[in-house]
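The opening position of the sequence shown corresponds to residue 0 in numbering that gives the first Met the number 0, with each subsequent residue numbered one higher. See below for the structure under consideration.
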Amino acid sequence: MTDSSGVLLLGVCREQDPSAPAQAAALAAQLGAELHCAWVDPARYTVQRLADGTVRSAPIDPEVQDVVVQPFPPQLNAQLAALLDPLAVRWRTHALAGSPSAELSALAERIEARMIVIGARRPSLRASLHELLNGSVAAQLARNQLRPVLVVPAAQRS
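Below, the structure is given as structure tokens:
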């Protein structure tokens, strides 16, 4: 656990717009906070939370029987490193499994995050269908926990 005045939680995903991590890093640098970047695999669920903060997860598909320590996607880690390493911000990653809003909210509680930062999705058919079926992660977070939620709009493409 880290000092609550010094932790921001950033929800990240593979197809994210770089504006959310950039804005979260700028805010973390201004506040002298550590940035915790969390990725959630919604196709798996948490079986066990380990003492080091990692989780063991299993697939939702009952025909697949693997329980593994949830890995953080290497390509996403490389994208974050390219963006965050040159900046004056301390950062680390978390790989989670389950409902993105529930897992981000629970992690924010465990690490005593000051706020949760999440990027808005770029408008697309896939994003619209996802939000229609599951609802917006940002809206779920804003409704279901007490920490402030900062939603960073996606950068406009020209």
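Beta carbons: idealized from backbone N, C-alpha and C, even for Gly. Note that the structure is predicted; figures quoted are calculated from it, not measured.
Would you give the residue range spanned by the alpha helix (DSSP H) that residue i belongs to?
| i | result |
| --- | --- |
| Pro70 | Taken as a continuous stretch (DSSP letters only), Pro70 belongs to no alpha helix (DSSP H), as it is neither H nor E. |
| Glu108 | 99-110 |
| Val66 | From DSSP, Val66 is part of no alpha helix (DSSP H); its letter is neither H nor E. |
| Arg142 | 136-143 |
Of the residues the options, which one's Cα is nearest the Cα of residue i?
| i | options | result |
| --- | --- | --- |
| Trp38 | Asn76, Ala153, Val6 | Asn76 |
| Asp16 | Val63, Thr92, Leu82, Leu106 | Leu82 |
| Ala153 | Glu62, Tyr44, Ile117, Arg48 | Ile117 |
| Pro70 | Leu9, Val63, Asp40 | Asp40 |
| Ala57 | Leu145, Gln78, Leu30, Leu95 | Leu95 |
With a threshold of 6 Å on Cβ separation, who are the neighbours of residue i within its own chain once the five nearest residues in sequence on each side are excluded?
| i | result |
| --- | --- |
| Gln158 | In the structure as shown, the chain begins at 0 and stops at 157. Residue 158 is therefore absent and cannot be evaluated. |
| Leu131 | Reliability of the predicted coordinates at Leu131 is poor, the pLDDT of 47 falling under 50, and the value obtained from them is presented with this limitation in mind. Nothing listed; no residue qualifies. |
| Arg55 | Val46, Gln47, Val66, Val68 |
| Asp22 | The amino acid at residue 22 is misidentified as Asp; the sequence shows Gln. Hits under 6 Å: Val151. |
| Thr53 | Val68 |
Whole-angstrom Cβ separation of residue i and residue j, contact assumed at under 8 Å?
| i | j | result |
| --- | --- | --- |
| Leu34 | Val88 | 5 Å |
| Ala119 | Val148 | That pair is no contact at about 11 Å. |
| Ala105 | Ile115 | That belief does not hold up - the Cβ atoms of Ala105 and Ile115 are roughly 11 Å apart, past 8 Å. |
| Pro20 | Leu79 | 6 Å |
Under DSSP, the beta strand (DSSP E) around residue i begins and ends at which residues?
| i | result |
| --- | --- |
| Leu34 | 33-40 |
| Gln29 | Not the beta strand (DSSP E): Gln29 falls in the alpha helix (DSSP H), residues 18-30. |
| Arg113 | Arg113 -> no beta strand (DSSP E), and no H or E assigned at all. |
| Pro152 | Where Pro152 is concerned, there is no enclosing beta strand (DSSP E), given that its DSSP letter is neither H nor E. |
| Pro58 | 54-58 |
| Gly10 | 6-11 |
Tell me which same chain residues have a C-beta within less than 7 Å of the C-beta of residue i, skipping the five on either side of it?
| i | result |
| --- | --- |
| Val185 | As displayed, the chain neither begins before 0 nor continues past 157, which places residue 185 out of reach and without an answer. |
| Cys12 | Trp38 |
| Leu86 | Ala24, Ala28 |
Which same chain residues end up closer than 8 Å to residue i when comparing Cβ atoms and leaving out the 5 residues on each side of it in sequence?
| i | result |
| --- | --- |
| Asp60 | Ala42 |
The ligand NAP heavy atoms versus the CB of residue i: any closer than 8 Å?
| i | result |
| --- | --- |
| Leu149 | Looking at this structure, you won't find the ligand NAP or any other ligand, since it has none at all. |
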